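The numbering of the sequence shown is my numbering, which starts it at 20 and goes up by one.
We put the beta carbon where it would ideally sit given N, CA and C, even for glycine.
In this text the structure is predicted, and so the values were computed from the model without any measurement.
Comments concern the structure below.
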Amino acid sequence: MVPIAKAAASPPIAVICGSMRFYSRMLQVAADLTLAGQIVVMPHCVVAEQDQNGTTKGMLDLLHRRKIDLADYVVVVTDEKGYIGTSTANEIAYATALGKAVEYRAVGDQGPQ
Numbered sequence: 020m021v022p023i024a025k026a027a028a029s030p031p032i033a034v035i036c037g038s039m040r041f042y043s044r045m046l047q048v049a050a051d052l053t054l055a056g057q058i059v060v061m062p063h064c065v066v067a068e069q070d071q072n073g074t075t076k077g078m079l080d081l082l083h084r085r086k087i088d089l090a091d092y093v094v095v096v097t098d099e100k101g102y103i104g105t106s107t108a109n110e111i112a113y114a115t116a117l118g119k120a121v122e123y124r125a126v127g128d129q130g131p132q
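Take a look at the structure:
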């Protein structure tokens, strides 16, 4: 395997947080940040409403906190009304406690989520 030369400055790492009902909006923001030369991590699994208190949801929440640990800053994706659910609010509090910068992106309606 050929080693990859490290750039003089590593690109910033952004983690996207938000309700999975805004997943298509998250993808739009991820694409914008990637095209701006940033590394982007975000959630990729949707947990069914009836399983919100199950072990899978807990494991995914913990995994997302590790993504927050890795990131330089957090981007919260929401709708034009500014909706933030309980899980997202917890992620914001966690990131803030770590001293991470938190940005908010209200992305207009992109059709069915």
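Taking all protein chains shown into account, decide if PRO131 is buried (16 or more other Cβ within 10 angstroms of its Cβ) or exposed. Because the pLDDT of PRO131 is 34, which lies under 50, any placement of that residue in the model is unreliable, and the question is left without a value.
Buried or exposed: which applies to GLY56, given that a residue is buried once 16 or more other Cβ atoms fall within 10 Å of its Cβ? Burial is judged here by how many other beta carbons sit within 10 angstroms of a residue's own beta carbon; GLY56 has fewer than 16 and is exposed.
How is the beta strand (DSSP E) around ARG124 delimited, first residue to last? Unbroken beta strand (DSSP E) run through ARG124: 120-125.
Can you tell me the Cα-Cα spacing of ASP98 and VAL126, whole angstroms? 5 Å
Enumerate in chain order the residues of its own chain whose CB-to-CB distance from ARG84 is below 8 Å, with the five nearest sequence positions on each side excluded. Counting only Cβ-Cβ distances below 8 Å, and skipping sequence neighbours, we find GLU110 and TYR113.
Top-ranked residue by Cα proximity to LEU89, from LEU117, SER38, ALA28 and ALA49: LEU117
C-alpha gap between GLY104 and LEU54, whole angstroms: Cα to Cα, the separation comes out at about 28 Å.
Taking the beta strand (DSSP E) that VAL95 falls in, what are its first and last residues? 92-97
Quick one: Cα of VAL21 to Cα of GLY73, how far? Reliability of the predicted coordinates at VAL21 is poor, the pLDDT of 44 falling under 50, and the value obtained from them is presented with this limitation in mind. Approximately 43 Å between the Cα atoms of the pair.
In the DSSP assignment, the alpha helix (DSSP H) including ALA4 goes from what residue to what residue? Residue 4 lies beyond the stretch modelled for the chain, which goes from 20 to 132, so this question has no answer here.
Status (buried if at least 16 other CB within 10 Å, exposed otherwise) for ALA33: buried
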